[in-house]
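Same order as they appear, the protein sequences are chains A and B. When we follow UniProt numbering, the leftmost residue of the first sequence carries the number 1, and every step to the right adds one. When we follow UniProt numbering, the leftmost residue of the second sequence carries the number 1, and every step to the right adds one.
There are 2 protein chains.
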Amino acid sequence: MSAPVKAEGPKEQRLTEGGRKTRERIIETAAELMFHRGAGGTSIPDIQAAAGVSASQIYHYFGDKQGLVLAVIDHQTDTQLAQQRPLLDNLDSIEALREWCDRAGNRQDARGCEGGCEIGSLASELADSDQSARTSLISAFDRWEGPIRSGLARMQARGELSERADTAALATALLAAIQGGMLLSQVRRSSTAYRQAVSAVIDHIESHLVR
Amino acid sequence: MSAPVKAEGPKEQRLTEGGRKTRERIIETAAELMFHRGAGGTSIPDIQAAAGVSASQIYHYFGDKQGLVLAVIDHQTDTQLAQQRPLLDNLDSIEALREWCDRAGNRQDARGCEGGCEIGSLASELADSDQSARTSLISAFDRWEGPIRSGLARMQARGELSERADTAALATALLAAIQGGMLLSQVRRSSTAYRQAVSAVIDHIESHLVR
DNA sequence: GCATGATTGGAATGTCAATTCCAACTTGGG
DNA sequence: CCCAAGTTGGAATTGACATTCCAATCATGC
Numbered sequence: 001m002s003a004p005v006k007a008e009g010p011k012e013q014r015l016t017e018g019g020r021k022t023r024e025r026i027i028e029t030a031a032e033l034m035f036h037r038g039a040g041g042t043s044i045p046d047i048q049a050a051a052g053v054s055a056s057q058i059y060h061y062f063g064d065k066q067g068l069v070l071a072v073i074d075h076q077t078d079t080q081l082a083q084q085r086p087l088l089d090n091l092d093s094i095e096a097l098r099e100w101c102d103r104a105g106n107r108q109d110a111r112g113c114e115g116g117c118e119i120g121s122l123a124s125e126l127a128d129s130d131q132s133a134r135t136s137l138i139s140a141f142d143r144w145e146g147p148i149r150s151g152l153a154r155m156q157a158r159g160e161l162s163e164r165a166d167t168a169a170l171a172t173a174l175l176a177a178i179q180g181g182m183l184l185s186q187v188r189r190s191s192t193a194y195r196q197a198v199s200a201v202i203d204h205i206e207s208h209l210v211r
Numbered sequence: 001m002s003a004p005v006k007a008e009g010p011k012e013q014r015l016t017e018g019g020r021k022t023r024e025r026i027i028e029t030a031a032e033l034m035f036h037r038g039a040g041g042t043s044i045p046d047i048q049a050a051a052g053v054s055a056s057q058i059y060h061y062f063g064d065k066q067g068l069v070l071a072v073i074d075h076q077t078d079t080q081l082a083q084q085r086p087l088l089d090n091l092d093s094i095e096a097l098r099e100w101c102d103r104a105g106n107r108q109d110a111r112g113c114e115g116g117c118e119i120g121s122l123a124s125e126l127a128d129s130d131q132s133a134r135t136s137l138i139s140a141f142d143r144w145e146g147p148i149r150s151g152l153a154r155m156q157a158r159g160e161l162s163e164r165a166d167t168a169a170l171a172t173a174l175l176a177a178i179q180g181g182m183l184l185s186q187v188r189r190s191s192t193a194y195r196q197a198v199s200a201v202i203d204h205i206e207s208h209l210v211r
């Protein structure tokens with residue numbers, strides 16, 4: 001879980017069972033729409049119609065559109081990471097890395113390569129225009145990169161990966177390859193670029209194997 | 001150069017000297033604004049004010065906002081590629097690749113890592129919502145990837161790169177690393193991720209060197 | 001020098017978005 | 001059962017934006 005907005009504590013409102021469900025429905029609907037049309041391209045009336053709620057409800061639960069966007073970022077981060085588990089927590093072999101990346105490629109194919117990365121697309125759109133969104137996105141990428149780095153670190157601790165390998169840098173490089181590969185795939189409507197990008201980085205990691 | 005809009009030919013309007021300059025100023029101003037705020041986040045009135053032109057002028061030269069966006073994509077492609085030459089046309093050694101990528105990293109630092117890639121940001125925003133924009137973006141990335149692939153192919157032809165190396169895939173991987181690295185750098189406000197990403201891929205290319 | 005088309009200014013139009021307001025309704029705890 | 005707080009509907013407000021229009025001005029080939 002993550003913080004709903006920013007500094008809470010004093011004015012935490014209590015939620016009814018129905019209220020919680022409404023709130024969730026709004027977030028999920030908004031996330032879906034924003035994934036396809038971007039945050040700026042998704043209007044409150046759009047969300048109202050798709051989620052079957054009134055404007056009051058959205059403003060009641062999120063304050064304003066920016067609040068909803070922040071909630072969507074956190075939701076997408078939670079959802080995407082959850083979807084990648086348990087693989088994400090066991091990236092401590094070359095095979096595991098390949099399998100994990102391959103699944104993302106298959107998901108991309110399954111949707112016809114429309115849409116890029118759920119988090120990356122929001123990042124590209126919001127990084128420069130919304131300071132609090134950027135903060136959430138930093139956290140999102142950190143939460144994503146962390147497990148990759150941990151997996152590589154475990155391989156290194158076990159002596160499978162050369163001590164000269166910079167596991168943190170390799171994890172960053174793999175995440176970057178995923179992001180860039182997804183973008184190229186989205187534009188080209190083919191997962192090939194994604195697969196080539198991640199494959200190159202994993203090959204590189206493999207070259208650090210001991211023996 | 002690139003096509004102004006789409007299927008021209010019959011109704012090519014002639015441009016006065018002043019008209020050409022006005023048109024250019026609009027494109028450059030729009031490109032600058034859209035780089036910082038995105039295409040959707042940049043309004044026609046914004047561009048009017050920044051370029052010192054009236055609405056009539058924008059609609060006279062570009063028809064509608066989408067026409068202007070397409071012109072901006074082509075302009076950014078031309079401009080960015082031109083800026084990378086002549087290095088871009090001589091990427092046939094590991095050193096040249098590193099130098100070329102390093103310059104982009106320095107430029108990113110110079111602007112405080114605000115803004116991502118001029119083309120990649122537009123790609124992320126428009127790939128799914130504007131079919132003709134996507135077409136232009138495919139061409140933009142192809143024009144970018146081509147010289148990389150050519151450089152690698154030359155290395156291979158000279159026997160410096162292993163025959164087993166897939167130069168096309170490596171070029172794609174490097175472009176993806178650039179895109180993903182730029183995105184992470186933009187979010188984190190540090191070029192480190194970009195440098196680690198491209199470094200990993202270039203190291204990987206280096207591992208294909210013969211001898 | 002004139003006619004024709006290029007260029008420009010600036011107001012007008014219609015749409016739609018974000019947000020606010022307030023009244024009505026529901027719910028849970030005491 | 002009753003009240004304070006949570007929840008919802010729907011209209012009203014305000015502002016911005018894309019686009020159109022028309023009339024005026026300017027440049028250039030003839």
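No residue lacks a Cβ here, since even glycine has one placed at the ideal position from N, Cα and C. None of these values were measured; they are calculated from a predicted model.
* Determine contact between the stretch 52 to 67 of chain A and the stretch 76 to 85 of chain A, defined as no fewer than three beta-carbon pairs at a distance below 8 Å. => no
* Asked: For the stretch 8 to 41 of chain A, which residues have a CB atom closer than 8 Å to at least one CB atom of chain B, in sequence order?
  -> His36, Arg37, Gly38, Gly40, Gly41
* Is there a Cβ from chain A that is less than 8 Å from the Cβ of Arg188 (chain B)? -> yes
* To do: Check the Cβ of Thr172 (chain B) against every Cβ in chain A and list those closer than 9 Å, keeping chain order.
  => Gly181, Leu184, Thr192, Ala193, Gln196, Ala197, Ala200
* Ignore the nearest five residues each way along the sequence and tell me which others in Leu70 (chain B)'s own chain have a CB closer than 7 Å to its CB. => Val5, Ser132, Ala133, Ser136
* Applying the criterion that 16 or more other CB atoms from any shown protein chain within 10 Å of the CB defines a buried residue, is Arg158 (chain B) buried or exposed? -> exposed
* To do: Can you have a look at Glu23 (chain A) and say buried or exposed, based on whether 16 or more other CB atoms are within 10 angstroms of its CB?
  => Sequence inspection shows Arg at residue 23 (chain A); the Glu mentioned does not correspond to that position. The residue is buried, with at least 16 neighbouring Cβ atoms inside 10 Å.
* Interface flag, Ser124 (chain A) vs chain B, CB-CB below 8 Å -> yes
* **Leu87 (chain A) (DSSP reduced to helix, strand or coil)** => helix
* Asked: Looking at chain A, which residues of the stretch 39 to 71 of chain B have a Cβ within less than 9 Å of any of its Cβ atoms?
  -> Gly40, Gly41
* Inter-stretch contact at 8 Å, needing at least 3 Cβ pairs: the stretch 193 to 200 of chain A / the stretch 171 to 187 of chain B -> yes
* Asked: When the distance is taken between beta carbons, is Gly105 (chain A) closer than 8 Å to Ser191 (chain A)?
  -> yes
* Reduced DSSP category for Leu137 (chain B) - H, G, I as helix; E, B as strand; rest coil -> helix
* Got a sec, what are the start and stop residues for the alpha helix (DSSP H) Asp109 (chain A) sits in? -> 94 to 110
* Is any beta-carbon of chain A found at less than 8 Å from that of Ser2 (chain B)? -> Reliability of the predicted coordinates at Ser2 (chain B) is poor, the pLDDT of 37 falling under 50, and the value obtained from them is presented with this limitation in mind. Judged by the 8 Å Cβ criterion, Ser2 (chain B) is not in contact with chain A.
* Looking at the unbroken alpha helix (DSSP H) that takes in His204 (chain B), where does it start and where does it end? -> 192 to 206
* Roughly how many angstroms lie between the CA atoms of Ala51 (chain B) and Gln57 (chain A), to the nearest whole one? -> 41 Å
* Among B:Arg107, B:Ile47, B:Gln156, the one whose alpha carbon lies nearest that of Arg211 (chain B) -> B:Gln156
* Asked: Are the C-beta atoms of Gly112 (chain A) and some chain B residue less than 8 Å apart?
  -> no
* On the three-state DSSP scale, how would you describe Leu15 (chain B)? -> coil
* Identity of the residue in B:Phe141, B:Ile73, B:Leu183 nearest Ser185 (chain A) by Cα -> B:Phe141
* To do: Please report how far the alpha carbon of Ala169 (chain B) lies from the alpha carbon of Asp203 (chain B), in whole angstroms.
  => 15 Å
* Measuring CA to CA, which of B:Ser150, B:Val72, B:Asp128, B:Ala31 is closest to Asn90 (chain B)? -> B:Ser150
* Taking 8 Å as the CB-CB cut-off, is Ile138 (chain B) touching chain A? -> yes
* Compare the C-beta of Ser129 (chain A) against all C-beta atoms of chain B and say whether one is closer than 8 Å. => yes
* Asked: Tell me, which residues are paired with Leu161 (chain A) by DSSP?
  -> A:Leu209
* Counting only beta-carbon atoms, is Gly105 (chain B) nearer than 8 Å to chain A? -> no
* Which term fits Leu15 (chain B), buried or exposed, when burial requires 16 or more other beta carbons within 10 angstroms of its beta carbon? -> exposed
* Asked: What runs of the alpha helix (DSSP H), each 4 residues or longer, lie entirely inside the UniProt domain "HTH tetR-type" (20 to 80) of chain A?
  -> 44 to 51, 55 to 62
* With 16 other CB atoms within 10 Å as the buried threshold, where does Glu118 (chain A) fall? -> buried
* Pick from A:Met182, A:Ser54, A:Ala171: whose alpha carbon is nearest that of Arg111 (chain A)? -> A:Met182
* Starting from Glu125 (chain B) and walking both ways along the alpha helix (DSSP H), at which residues does that stretch end? -> 118 to 126
* **Test item: CB-CB of Ser129 (chain A) and Arg188 (chain B) under 8 Å** => no
* Going by alpha carbons, who is nearest to Ser93 (chain B) out of B:Ala123, B:Ile138, B:Pro147? -> B:Pro147
* **Proximal residues to Leu88 (chain B) (C-beta, below 6 Å), its chain only, five neighbours per side dropped** => Pro147
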